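Quick mapping for you: the protein sequence lines, in order, are chains A and B.
Under our numbering, the first residue of the first sequence carries the number 1, and numbering increases by one thereafter.
Under our numbering, the first residue of the second sequence carries the number 1001, and numbering increases by one thereafter.
Number of protein chains: 2
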Amino acid sequence: TLVETIKDYVEKQNNQSLKGKKVIVSAAGTREPIDPVRYISNRSSGKMGYAIATEAASRGAEVVLVSGITNIKAPENVKLIKVESAREMQKYIEEHFADCDITIMSAAVSDYRVKEVASQKIKKSDEVMTIELVKNPDILKGLGEKKSDKQYLVGFAAETQNVEEYAKGKLQRKNLDMIVANDVSQAGAGFNVDTNIAKIITRDGEIKQAPLMQKAELAKLILDTIEEKMNK
Amino acid sequence: TLVETIKDYVEKQNNQSLKGKKVIVSAAGTREPIDPVRYISNRSSGKMGYAIATEAASRGAEVVLVSGITNIKAPENVKLIKVESAREMQKYIEEHFADCDITIMSAAVSDYRVKEVASQKIKKSDEVMTIELVKNPDILKGLGEKKSDKQYLVGFAAETQNVEEYAKGKLQRKNLDMIVANDVSQAGAGFNVDTNIAKIITRDGEIKQAPLMQKAELAKLILDTIEEKMNK
């Protein structure tokens, strides 16, 4: 209704709670080439990260969105940097990290890349084939090591089993302030759907269980929680 | 202009040159899972195949479009079957092949699949990792072996070098009636662009060099050539 539209508009104008803050959001999946035609990737759609970038921008933050592969339209008032591989993503995130207040790493970064990328399309020949992979840099861990006390760092854990346990371990191991954990094997959670079911776990041990909700709503809840914890 | 719109409409109504024909089109890239999150795929966007399906339907054909992964909207008047892996694609194409007049295989089918797909997300641990692949069935070759003299079979060759030579070999080897060859390393050709630069090579040895053109235009040229050759 018109009344709701106006109410939303006024609320948005008023809630400039991230004004003056610089926020980096990484989103979507990266791609690691095998040859000029083939690649390894993952099912991340980018919807969660784009929703967070949109919400942070609407709260007045200066947002840098470093995005892997997705067809989602660029959000308004966001600096969008499109990348393909994990190492490209790392380069742009690290370029912006030093003066950044909040970093939210929702991208599904490829853990491994192909050891030797072929410069021409590989012809199929043998009945079997092996692809040798080497580990990519752990971008999130690197940020956790270098972040200052004033910088707030958020990771994501998309798992198919032991979600909470694994997420808590990752928060510790990578020196995060918050981790958003979801079980991507559940219907309505995870990849390429508009909803999510997540646990927001913070460094102080608090766990917020978010019910099935729109990713746009979850983005608000994540940013509300970050603001609440940073202002403590 | 309105005049052009009406002209186009009348032309479309008149050109029912594929009325009574059943056409299978395969389009887009297939995906081969590594685990529930990661997969191997390729850069095919599906634009060429969708353009062919659209054009064939507008000429009155009964069109079955067996499509891998793409965000393109389903064309009108086409039976769309969405699949993920090469083996799924094979299943649906073979289901429809027996009573089909024209089969146009523009999909970029994964040559290999992962030997053992993990049922849970693989945790990264080692510095290096190898993925073992096994060959997928060669769908096009299988169709070439079983096709009757009345069935017209078209393949595509997306190459980065020795395009024409390789395409001619593929036409022979797989018993095709036509192959559409393009050099995907050229600007304006190949993956995820709206244009293409292709060679249409037919069994009789004729080669049509199509200049840079919209994929919708190339679709018309391909179907014109098929109709011309079938009516000889």
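Where is the CB? At the ideal position from N, CA and C, for every residue including glycine.
Nothing here was measured: the structure is a model prediction, and the numbers come from that model.
If you reduce the DSSP assignment to three classes, tell me which class residue i lands in.
| i | result |
| --- | --- |
| residue 1003(B) | helix |
| residue 70(A) | coil |
| residue 1123(B) | coil |
| residue 38(A) | strand |
Report the CB separation of residue i from residue j in whole angstroms; it is logged as a contact under 8 Å.
| i | j | result |
| --- | --- | --- |
| residue 229(A) | residue 48(A) | Not confirmed; about 19 Å, so no contact. |
| residue 252(A) | residue 94(A) | Nothing about residue 252(A) can be reported from this structure: the residues present for chain A run from 1 to 232 only. |
| residue 117(A) | residue 133(A) | Going by Cβ atoms, the distance from residue 117(A) to residue 133(A) rounds to 11 Å, so no, they are not a contact pair. |
| residue 90(A) | residue 137(A) | 6 Å |
| residue 64(A) | residue 96(A) | 5 Å |
| residue 155(A) | residue 170(A) | 6 Å |
| residue 22(A) | residue 61(A) | 7 Å |
| residue 50(A) | residue 101(A) | About 20 Å; that fails the 8 Å criterion. |
| residue 184(A) | residue 158(A) | 5 Å |
| residue 1130(B) | residue 130(A) | 5 Å |
| residue 40(A) | residue 1006(B) | About 50 Å separates the two Cβ atoms, so there is no contact after all. |
By alpha-carbon positions, which one of the options ends up nearest to residue i?
| i | options | result |
| --- | --- | --- |
| residue 1024(B) | 1173(B), 1043(B), 1104(B) | 1104(B) |
| residue 221(A) | 41(A), 231(A), 199(A), 205(A) | 199(A) |
| residue 1223(B) | 1052(B), 1187(B), 1129(B) | 1052(B) |
| residue 1179(B) | 1128(B), 1225(B), 1037(B), 1003(B) | 1225(B) |
| residue 124(A) | 1039(B), 1109(B), 1082(B), 1088(B) | 1109(B) |
| residue 1203(B) | 1005(B), 1177(B), 1113(B) | 1177(B) |
| residue 181(A) | 210(A), 41(A), 3(A), 187(A) | 210(A) |
| residue 1191(B) | 1020(B), 1003(B), 1027(B), 1022(B) | 1027(B) |
| residue 1058(B) | 1127(B), 1077(B), 1144(B), 1007(B) | 1077(B) |
| residue 1072(B) | 1056(B), 1155(B), 1044(B) | 1044(B) |
| residue 127(A) | 1173(B), 1212(B), 1135(B), 1129(B) | 1135(B) |
| residue 33(A) | 142(A), 213(A), 119(A) | 119(A) |
| residue 1098(B) | 1147(B), 1041(B), 1046(B), 1079(B) | 1147(B) |
| residue 172(A) | 160(A), 188(A), 184(A), 201(A) | 201(A) |
| residue 149(A) | 193(A), 164(A), 231(A) | 231(A) |
| residue 1092(B) | 1111(B), 1129(B), 1139(B) | 1139(B) |
| residue 166(A) | 1017(B), 1122(B), 1163(B) | 1122(B) |
| residue 174(A) | 144(A), 195(A), 161(A) | 144(A) |
| residue 1106(B) | 1130(B), 1112(B), 1069(B) | 1069(B) |
| residue 19(A) | 55(A), 35(A), 42(A) | 55(A) |
| residue 35(A) | 1042(B), 1046(B), 1037(B) | 1042(B) |
| residue 161(A) | 1037(B), 1004(B), 1162(B) | 1037(B) |
| residue 189(A) | 217(A), 80(A), 212(A), 29(A) | 212(A) |
| residue 1197(B) | 1206(B), 1207(B), 1205(B), 1218(B) | 1218(B) |
| residue 1080(B) | 1001(B), 1086(B), 1066(B), 1088(B) | 1066(B) |
| residue 1163(B) | 1004(B), 1141(B), 1207(B) | 1207(B) |
| residue 29(A) | 16(A), 46(A), 88(A) | 46(A) |
Provide the residue span of the alpha helix (DSSP H) that contains residue i, from first to last.
| i | result |
| --- | --- |
| residue 183(A) | It is not in any alpha helix (DSSP H) - residue 183(A) instead sits in the beta strand (DSSP E) that spans 178-183. |
| residue 1080(B) | Note, residue 1080(B): premise wrong, no alpha helix (DSSP H); beta strand (DSSP E) at 1078-1082. |
| residue 1219(B) | 1215-1230 |
| residue 1086(B) | 1086-1097 |
Kindly indicate the opening and closing residues of the beta strand (DSSP E) around residue i.
| i | result |
| --- | --- |
| residue 203(A) | It is not in any beta strand (DSSP E) - residue 203(A) carries neither H nor E in the DSSP assignment. |
| residue 1026(B) | 1022-1027 |
Answer yes or no: the CB of residue i versus the heavy atoms of the ligand ADP, is any distance below 8 Å?
| i | result |
| --- | --- |
| residue 125(A) | Of ligands this structure carries none, so the ligand ADP is not represented either. |
_Segments assigned alpha helix (DSSP H), at least 4 residues, entirely inside the segment 104-170 of chain A_ = 139-146
*Could I get the ranges of all uninterrupted alpha helix (DSSP H) runs contained in the segment 1040-1068 of chain B, with 4 residues as the minimum, in chain order?*
1047-1058
*Name the residues in the segment 161-192 of chain A whose C-beta lies less than 8 Å from a C-beta of chain E; which are they?*
Protein chains A and B are contained in the structure displayed, whereas chain E is not.
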